[in-house]
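Going by this note's numbering, the letters in the sequence shown line up with residues 1 to 101, in that order.
For reference, the structure discussed in these notes is given below.
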Amino acid sequence: MIRPEYTNIEPGLLLAILRDHEASVELVPGYIRGERPLSPHAMRKLHACIIAHPATHLAVDSLGRHVHRPLRKGAFKVYPDNPTRTGGPGPPVRAARADGQ
């Protein structure tokens, strides 16, 4: 049981998110055993499964404001990296996009 003071997520949504994560974990052994190829398509499928229920995520825009952005199921690396540290932004880190771009 998760006590209300440990989360700000509505209980029904939290339960759905936890079930999404459980379903995602069940996909992983197939990739590890080589039963399913670990491809960009597989990563998009896993991403979509993990975030099936949340509609938005909290982000920081170019002006430093906290904003809610839509979660695009199965799409990642839509926005550029914007790491921040206590002394200001960190160096740019570029991860390869799953779609090869």
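Glycine included, every Cβ here is placed at the ideal spot set by N, Cα and C.
Residue from the options whose Cα sits closest to the Cα of residue i
i: His-68; options: Ala-75, Gly-74, Val-60; result: Val-60
i: Asp-81; options: Ser-62, Thr-7, Leu-71, Lys-73; result: Ser-62
i: Glu-22; options: Ile-50, Ile-2, Ala-75; result: Ile-50
i: Ala-52; options: Ser-24, Gly-34, His-66; result: Ser-24
i: Leu-71; options: Val-78, Thr-56, Lys-77, Arg-65; result: Thr-56
i: Gly-74; options: His-41, Pro-54, Leu-58; result: His-41
i: Ile-9; options: Val-78, Tyr-79, Pro-54; result: Pro-54
i: Ala-48; options: Gly-12, Ala-16, Phe-76; result: Phe-76
Burial state of residue i, where buried means 16 or more other Cβ atoms lie within 10 Å
i: Leu-18; result: exposed
Cβ-Cβ distance between residue i and residue j below 8 Å
i: Leu-27; j: Leu-58; result: no
Cut-off 6 Å between Cβ atoms - residues of its own chain near residue i, not counting five sequence neighbours on either side
i: Leu-38; result: Tyr-31
Spatial neighbours of residue i in its chain, beta-carbon cut-off 8 Å, leaving aside the 5 residues before and after
i: Leu-14; result: Ile-2, Thr-7
i: Tyr-79; result: Ala-59, Arg-69
Per DSSP, cross-strand counterpart(s) of residue i
i: His-68; result: Leu-58
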